[in-house]
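2 protein chains.
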Amino acid sequence: MSSSVRLTQIASYIPEGRVDTRDRGKRFDYGDDFLEGKLGTTSLAAKAPDEQASDLCVKAARALEGQGGMIEGVGVVIVCTQTPDHHGIPHTSAVVHAKLGLPDNCACFDISLGCSGYVYGLSVAISFMQAHGIQRGLFFTSDPYSVIIDPADQATSLLFGDAATVSLLEAGQGGWEVRDVLFGTQGKGGAAINNREGKLAMNGRDVFNFAMLTVPKQISALLARQELTLDAVDRVVLHQGSRYIVDKLRERLKLPEEKVPVHLSGIGNTVSSAIPLTLEAVLKSHQDQRILISGFGVGLSYATALLERCS
Amino acid sequence: MSSSVRLTQIASYIPEGRVDTRDRGKRFDYGDDFLEGKLGTTSLAAKAPDEQASDLCVKAARALEGQGGMIEGVGVVIVCTQTPDHHGIPHTSAVVHAKLGLPDNCACFDISLGCSGYVYGLSVAISFMQAHGIQRGLFFTSDPYSVIIDPADQATSLLFGDAATVSLLEAGQGGWEVRDVLFGTQGKGGAAINNREGKLAMNGRDVFNFAMLTVPKQISALLARQELTLDAVDRVVLHQGSRYIVDKLRERLKLPEEKVPVHLSGIGNTVSSAIPLTLEAVLKSHQDQRILISGFGVGLSYATALLERCS
Chain V
1 MSSSVRLTQI
11 ASYIPEGRVD
21 TRDRGKRFDY
31 GDDFLEGKLG
41 TTSLAAKAPD
51 EQASDLCVKA
61 ARALEGQGGM
71 IEGVGVVIVC
81 TQTPDHHGIP
91 HTSAVVHAKL
101 GLPDNCACFD
111 ISLGCSGYVY
121 GLSVAISFMQ
131 AHGIQRGLFF
141 TSDPYSVIID
151 PADQATSLLF
161 GDAATVSLLE
171 AGQGGWEVRD
181 VLFGTQGKGG
191 AAINNREGKL
201 AMNGRDVFNF
211 AMLTVPKQIS
221 ALLARQELTL
231 DAVDRVVLHQ
241 GSRYIVDKLR
251 ERLKLPEEKV
261 PVHLSGIGNT
271 VSSAIPLTLE
281 AVLKSHQDQR
291 ILISGFGVGL
301 SYATALLERC
311 S
Chain D
1 MSSSVRLTQI
11 ASYIPEGRVD
21 TRDRGKRFDY
31 GDDFLEGKLG
41 TTSLAAKAPD
51 EQASDLCVKA
61 ARALEGQGGM
71 IEGVGVVIVC
81 TQTPDHHGIP
91 HTSAVVHAKL
101 GLPDNCACFD
111 ISLGCSGYVY
121 GLSVAISFMQ
131 AHGIQRGLFF
141 TSDPYSVIID
151 PADQATSLLF
161 GDAATVSLLE
171 AGQGGWEVRD
181 VLFGTQGKGG
191 AAINNREGKL
201 AMNGRDVFNF
211 AMLTVPKQIS
221 ALLARQELTL
231 DAVDRVVLHQ
241 GSRYIVDKLR
251 ERLKLPEEKV
261 PVHLSGIGNT
271 VSSAIPLTLE
281 AVLKSHQDQR
291 ILISGFGVGL
301 SYATALLERC
311 S
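Protein sequence lines, in the order shown, are assigned to chains V and D.
Following UniProt numbering, the numbering of the first sequence begins with 1 at its first residue and continues without gaps.
Following UniProt numbering, the numbering of the second sequence begins with 1 at its first residue and continues without gaps.
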């Protein structure tokens with residue numbers, strides 16, 4: 001997909017609250033080495049009890065404005081979430097629309113996707129804007145999974161943190177374009193991450209095997225289609241499922257540590273916000289030209305995009 | 001939006017189960033005249049207890065195949081729902097992907113929208129397909145609201161029925177193109193339809209006033225942009241909120257009954273499926289060239305599209 005709508009800024013909101021997982025980990029005989037070395041964090045960002053998905057979005061939008069991003073004239077608001085306000089009625093994007101005081105001629109809808117949600121959502125948002133001549137849009141990710149985590153569950157209670165991000169999308173010059181993207185689904189494996197009676201259940205081994213089999217292959221296919229190799233890419237931003245999964249994928253891709261950032265410490269796996277949070281940090285600290293982003297998880301779903309800086 | 005991806009077929013699934021609202025109506029002193037005359041039906045389609053949103057989608061897909069629609073080579077599956085399987089994890093489109101045995105290279109995501117969902121979703125699906133060169137896609141609507149209806153609630157228990165539809169979208173010749181579309185949101189009015197602790201609550205008067213103020217204006221704006229009048233349109237397919245709201249909007253538009261179909265009898269208001277169910281019936285019985293579709297409700301959200309038959 002070549003595009004005149006570009007990703008021009010990313011902003012985020014990470015709640016101040018923290019869950020210390022060193023206490024929780026003792027229950028399962030997990031030491032700090034395991035938490036830090038395998039999962040990538042000993043604490044998880046946790047929203048306040050009265051905060052909902054829309055509140056996290058609004059705070060990310062305020063951060064965007066604080067760093068100079070314009071939300072005036074926004075023609076579309078898309079929220080990627082699987083833990084919406086009000087059980088999804090009304091959609092969280094409409095709630096955000098109200099809280100930001102946006103005008104009537106703004107299209108709003110939510111997308112339901114998990115860890116692949118940023119890559120998919122970015123593509124949905126850009127294609128929607130291009131087709132309808134929308135000059136400025138906001139694409140939010142907000143998945144406060146803490147509301148569906150059972151603190152006694154070994155597979156999930158040490159891993160997921162709350163956060164929201166907003167990506168400003170604008171037609172015109174500069175920014176980052178989505179040069180190409182590939183999508184994938186293995187619905188038959190979907191039970192590996194599911195919501196059972198309101199609580200998240202995950203088979204980490206199945207998710208790991210799925211990622212190892214699909215993600216490197218999809219990255220290779222995308223690069224082949226663009227007649228590029230990994231050498232031509234400055235950074236590979238993977239979904240931050242855990243430190244272990246990022247490390248193992250990096251090894252499979254034969255890439256050095258600095259090229260595949262781990263961005264979990266003090267936050268946790270923030271689902272659809274994990275890639276944009278990591279990307280935000282990369283954009284602040286590096287002058288990259290080409291970045292691969294790859295998300296994988298709930299669905300099971302996966303997607304990889306090549307971002308290229310525009311002059 | 002001019003498009004080379006067209007709507008080529010619509011199929012649907014209406015569960016066999018029925019709720020007789022003449023009994024329910026007595027509780028509120030509503031007679032058959034009110035039910036038939038104002039709401040438009042004395043019975044509501046009701047899914048079986050073990051059916052979920054994905055099951056309704058699969059049955060709609062089987063109906064599509066039964067009428068000659070191809071699902072082979074489908075590159076995207078989008079489900080519009082606010083009552084997903086598994087509280088939304090995994091997304092219902094991934095569950096449908098598994099049940100239909102679709103290949104890995106198929107993009108799947110859900111959209112959360114209510115009564116405006118068909119108009120929005122059609123535009124999201126077509127723009128996504130065009131941007132990514134996808135030749136064939138399935139856009140489902142499936143909102144079995146019966147799972148969130150309190151049978152004792154006067155405002156909702158006589159109105160909402162369960163159904164699913166699938167729209168086959170294909171690149172190429174023939175079919176219907178979305179010639180133009182307008183979107184709107186009034187998030188500040190969103191409380192008029194909301195999910196309170198798992199049950200739907202609705203202020204019908206607020207929704208009615210919202211529709212009367214926004215829908216005729218949006219239809220006029222779209223026609224003006226296309227330099228057309230209502231005379232040039234064969235049919236106006238409105239969201240089937242109730243017989244009363246369709247009739248009142250029709251009167252406001254100064255249109256005869258045959259031009260604005262009411263399609264509620266024996267089914268009820270099927271949320272995002274109401275427009276495609278009505279459109280399916282219109283396409284079977286008429287040889288129209290131009291059809292306006294307009295959805296309004298949950299959000300509060302509204303959208304109007306002009307469909308034009310392609311040769």
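Glycine included, each C-beta is placed from N, C-alpha and C at the ideal position.
Close to chain D, meaning a Cβ-Cβ distance shorter than 9 Å, are the following residues of the segment 95-122 of chain V: V95, V96, H97, A98, K99, L100, G101, L102, P103, D104, N105, C106, A107, C108, F109, D110, I111, S112, L113, G114, S116, G117, Y120 and G121. Using a Cβ distance threshold of 8 Å, P261(V) and V237(V) count as a contacting pair. F28(V) carries a coil assignment under DSSP once its states are collapsed to helix, strand and coil.
DSSP places E258(D) in the helix class (H, G or I) of the three-state scheme.
Residue contact check for G299(V) against chain D: a CB pair falls below 8 Å. Contact of V74(V) with chain D is not assigned, every C-beta pair being separated by 8 Å or more. Note that the C-beta distance between A98(V) and G190(D) is below 8 Å. Taking a cut-off of 8 Å on C-beta distances, the segment 49-67 of chain V does not touch the segment 171-186 of chain V, as fewer than three cross pairs fall below it.
Distance check between N195(V) and each of P90(D), T8(D), E65(D) and G31(D) places P90(D) closest, using alpha-carbon atoms only.
Distance from C310(V) to Q173(V) at the Cβ level is roughly 7 Å; contact confirmed, criterion being Cβ atoms closer than 8 Å. At least one C-beta of chain D is nearer than 8 Å to the C-beta of P90(V).
Remark: C-beta atoms of D143(D) and Q218(D) do not approach each other more closely than 8 Å.
Within chain V, the C-beta atoms nearer than 7 Å to that of G190(D) come from P90, A94, V95 and A98, in chain order.
T304(D) and M70(D) have their C-alpha atoms some 28 Å from each other.
Contact annotation: E280(D) and I111(D) have beta-carbon atoms that are not nearer than 8 Å. In this structure, the CA atom of N269(V) is about 18 Å from the CA atom of G121(V). At a cut-off of 8 Å, the C-beta of Q287(D) has no neighbouring C-beta in chain V. Within the DSSP secondary-structure output, S127(V) pairs in no beta bridge. For Y244(V), the uninterrupted alpha helix (DSSP H) segment begins and ends at R243 to R252. Considering only beta carbons, no part of the segment 46-64 of chain V lies closer than 8 Å to chain D. Taking G241(V) as reference, the option from G204(V), L223(V) and E251(V) with the minimal CA-CA separation is G204(V). A buried status is given to Q130(D), since no fewer than 16 other beta-carbon atoms sit within 10 Å of its beta-carbon. Using a Cβ-Cβ cut-off of 8 Å, A171(D) does not count as an interface residue toward chain V, since no Cβ of chain V sits closer than that to its own. Runs of the alpha helix (DSSP H) spanning 4 or more residues and lying entirely within the segment 76-159 of chain D occur at 92-99 and 117-132, in chain order. For I193(V), a Cβ of chain D is located within less than 8 Å of the residue's own Cβ. Per DSSP, N194(V) is one residue of the beta strand (DSSP E) stretching across I193 to R196. Separation of G117(D) and G295(D) (C-alpha to C-alpha, rounded to the nearest whole angstrom) is 7 Å.
It is roughly 10 Å from the alpha-carbon of L159(V) to the alpha-carbon of R243(V). V124(V) has a beta carbon lying within less than 8 Å of a beta carbon in chain D. Listed along chain V, no residue sits closer than 7 Å to P276(D) by beta-carbon distance, the nearest being about 17 Å off.
Close CB contacts of V246(V) within its chain, under the 6 Å cut and outside five residues either way in sequence, are with L238 and V262 (chain order). With respect to G175(V), R290(V) sits apart: the two C-beta atoms are not nearer than 8 Å. Nearest to K199(V) by C-alpha distance, out of L228(V), V147(V) and K59(V), is V147(V). In this structure, the beta-carbon distance from L283(D) to L306(D) does not fall below 8 Å. By the 16-neighbour rule on beta-carbons within 10 angstroms, A224(D) is exposed.
Neighbours of V166(D) in chain V, taken as residues at a C-beta separation under 8 Å, are lacking, since the least C-beta distance is about 16 Å.
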